[in-house]
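Note sheet for the following structure.
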Amino acid sequence: MTNQTPHAASRLERILAYMVAGVVGLSILAFLAVIIGTAAGAGADNGFGQGVWPAVLALPLFGLPLGFVLIIVLMVMSGMRRAREARQNKE
């Protein structure tokens, strides 16, 4: 009978998981801020072109694709770790 205890994720996998959560969470918050700012009238008379608004507008444009790439990297790393563990348990 094989040992079925799950192996803890590596430090790099945990860091990637927290990065995904942070980048995607921050992008969603920025997206919501734009929606709320538009409803509050901040976009009138080029209001989104000054202050922190350009950064808030750009964050979801870069953060969501970056989060997607980080998720793919995390899935590949997890799959490689599981395959390596399966080979070790088979021997």
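Per this note's numbering, the very first residue in the sequence shown carries number 41; after that it's consecutive. Every residue gets a Cβ at the ideal spot worked out from N, C-alpha and C, and that includes glycine.
Which ranges does the beta strand (DSSP E) cover as unbroken runs of at least 3 residues, wholly within the region 96-123, from first to last along the chain?
none
When you compare each of Arg121, Val96, Gln128 to Ser50 by their alpha carbons, which one comes out closest?
In the sequence shown, residue 50 corresponds to position 10, counting from 1. The option with the nearest alpha carbon to Ser50 is Arg121.
Assign Glu131 to one of three DSSP states: helix, strand, or coil.
Translated into the one-based positions of the sequence shown, residue 131 becomes position 91. It is coil, neither helix nor strand.
List the whole-angstrom C-beta distance separating Gly103 from Leu66, where the pair is believed to meet the contact cut-off of C-beta under 8 Å.
To locate residue 103, count along the sequence shown from 1; it is residue 63. To locate residue 66, count along the sequence shown from 1; it is residue 26. Right, their Cβ atoms sit about 6 Å apart.
Report buried or exposed for Gly119, applying the criterion of at least 16 other Cβ atoms within 10 angstroms of its Cβ.
Locating residue 119 in the sequence shown gives position 79, where the first residue counts as 1. With fewer than 16 other Cβ atoms within 10 Å, it is exposed.
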